[in-house]
Amino acid sequence: MIEPCLWDSEFFGYTVGRKHIAEGESADYDAIMTEAEEAGVRLLYLFSDAPLENFPVKPADVKLVYSTGIDSSAAVLPECEVLECPEPAVYELAYRSGRHSRFFTDPGIGTEKFREMYGIWVDNSFSGDMGDKVFVKRVGSEIAGFVTLALHGNSGSIGLIAVGENFGRKGIGTALVECCKRTLFDAGLPRLDVATQQANSEACAFYEKNGFVVSKTTYIYHLWI
């Protein structure tokens, strides 16, 4: 069954839907395309727990959710600043964070809509709609990195995280993650999650270095009708 994606449809200006293929379930490309066409969908997000065999479309993204437990080791006092209002550098870092995103790599979406989407994500992280905290690390007065954190019932999740091109391998990303861990420790939440793309090998290596392990893998296909 195809479910409507109301926000995406309004944002892109055409009908967007989503469909989930459970592990072990077959995916008939022609049948799915016919179903989407009959539903008036122009772009269909197809989510699968496993790679689809003999499927004529390659995944737009292999989404990895990394997770780590929160214990007393998170009770460090990292030096991070809580940012209350967005600054221009944060938007540029957000665009950098999404360079492996399916919304960036899909030519059907385009750079303009990608940047607009990630700009909204930043705004909503400050408004509380998509996040509860925004931390930054500065070098001098310049924002060198930032992270957004959302708190849930029994966990927290990193939404956006990026370090400036000139500030890599200086421990800034690790410090930002430690800020998130400390926030969850103080809130009594036992787990921190973050999603990234399998194609983003640099991000995967970073999370693994910081004690995260893959807890979920999702194959995401973009079908244009």
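According to full-length UniProt numbering, the sequence shown is numbered sequentially starting from 1.
Glycine included, C-beta positions come from ideal geometry on N, C-alpha and C.
Treat the numbers as computed from the prediction; the structure is a model and nothing was measured.
**Study point:** Contacts around Y95, its chain only, beta-carbon distance under 7 angstroms, and the 5 residues preceding and following it disregarded
**Key:** Mapped onto the sequence shown, residue 95 falls at position 95. Hits under 7 angstroms: R115 and Y118.
Check your understanding: Looking only at DSSP bridge pairs, what is I32 linked to?
Key -> Along the sequence shown, read from residue 1 onward, the residue named residue 32 stands at position 32. In the DSSP output, where bridge partners are listed per residue, I32 has none listed.
Point to revise | Cβ-Cβ distance between A150 and G131 below 7 angstroms | key: Counting from 1 along the sequence shown, the entry for residue 150 is found at position 150. Counting from 1 along the sequence shown, the entry for residue 131 is found at position 131. Yes, the pair counts as a contact, with Cβ atoms nearer than the cut-off.
Review point. Could you give the C-beta distance for T196 and L93, rounded to a whole number, given that I count them as a contact under 8 angstroms?
Key: If you number the sequence shown from 1, residue 196 lands on position 196. If you number the sequence shown from 1, residue 93 lands on position 93. Contact doesn't hold; Cβ gap of about 15 angstroms is too wide.
Practice item. Check each candidate in A36, C204, Q198 and V177 and name the one with the smallest Cα separation from R191. Key: On the sequence shown, residue 191 is found 191 positions in, with the first residue counted as 1. The shortest C-alpha separation from R191 is found at V177.
Check your understanding: V82: which of S125, T217 and K209 sits nearest, CA to CA?
Key -> Walking along the sequence shown from the start, residue 82 turns up at place 82. For the residues S125, T217 and K209, the minimum Cα distance to V82 belongs to S125.
Point to revise | DSSP state of G119 mapped onto helix, strand, coil | key: Position 119 of the sequence shown holds residue 119. Helix at G119.
Exercise for review: Report the rounded CA-to-CA distance for residue 229 versus S97, giving the unit in angstroms.
Suggested key: The structure shown does not extend to residue 229, since the chain is modelled only from 1 through 225, so no value can be given for it.
Check your understanding: Between the beta-carbon of F206 and the beta-carbon of C179, is there less than 7 angstroms?
Key -> Here residue 206 corresponds to residue number 206 of the sequence shown, with the count starting at 1. Here residue 179 corresponds to residue number 179 of the sequence shown, with the count starting at 1. No, Cβ-Cβ distance for F206 and C179 is not below 7 angstroms.
Review point. DSSP three-state call for G153: helix, strand or coil?
Key: On the sequence shown, residue 153 is found 153 positions in, with the first residue counted as 1. Three-state DSSP puts G153 in coil, outside helix and strand.
Check your understanding: Does the region 201–220 come within contact of the region 64–80, defined as at least 3 CB pairs closer than 8 angstroms?
Key -> yes
Point to revise | Extent of the continuous beta strand (DSSP E) run through A195 | key: Here residue 195 refers to the residue found at position 195 when the sequence shown is read from its first residue. Note, A195: beta strand (DSSP E), R191 to Q197.
Exercise for review: Would you mind working out which of D49, K137, E25 and H20 sits nearest A36, comparing C-alpha positions?
Suggested key: Looking up residue 36 in the sequence shown gives position 36. If we check each option's Cα against that of A36, H20 comes out closest.
Exercise for review: Determine the closest residue to T183 out of D49, L77, E38 and G128, with distance taken between C-alpha atoms.
Suggested key: The residue given as residue 183 occupies position 183 in the sequence shown. Nearest of D49, L77, E38 and G128 to T183, Cα basis: L77.
Exercise for review: Go ahead and label L44 buried or exposed: buried means 16 or more other beta carbons lie within 10 angstroms of its beta carbon, across all protein chains shown.
Suggested key: Taking the first residue of the sequence shown as 1, we reach residue 44 at position 44. Result: buried.
Exercise for review: Grab me the residues of A74's own chain with a C-beta within less than 8 angstroms of its C-beta, minus the 5 sequence neighbours each way, in chain order.
Suggested key: Numbered from its first residue, the sequence shown carries residue 74 at position 74. So the list reads E178, K181, R182, L184 and F185, once near-sequence residues are dropped.
Review point. Per DSSP, G145 forms a beta bridge with which residues?
Key: Locating residue 145 in the sequence shown gives position 145, counting from the first residue. BP columns for G145 point to K137 and V163.
**Study point:** Local conformation of Y66 per DSSP, three classes
**Key:** Sequence index remark: in the sequence shown, residue 66 carries index 66 (1-based). Reduced to three states, the DSSP call for Y66 is strand.
Exercise for review: In angstroms with no decimal places, state the Cα-to-Cα distance between I2 and G40.
Suggested key: For the purposes of this step, residue 2 is taken as residue 2 along the sequence shown, with counting starting at 1. For the purposes of this step, residue 40 is taken as residue 40 along the sequence shown, with counting starting at 1. Each residue's Cα considered, the two are about 11 angstroms apart.
Check your understanding: Grouping DSSP H, G and I as helix and E and B as strand, with all else coil, what is Y207?
Key -> Reading the sequence shown from its first residue, position 207 is the one you call residue 207. If DSSP states are grouped into helix, strand and coil, Y207 belongs with the helices.
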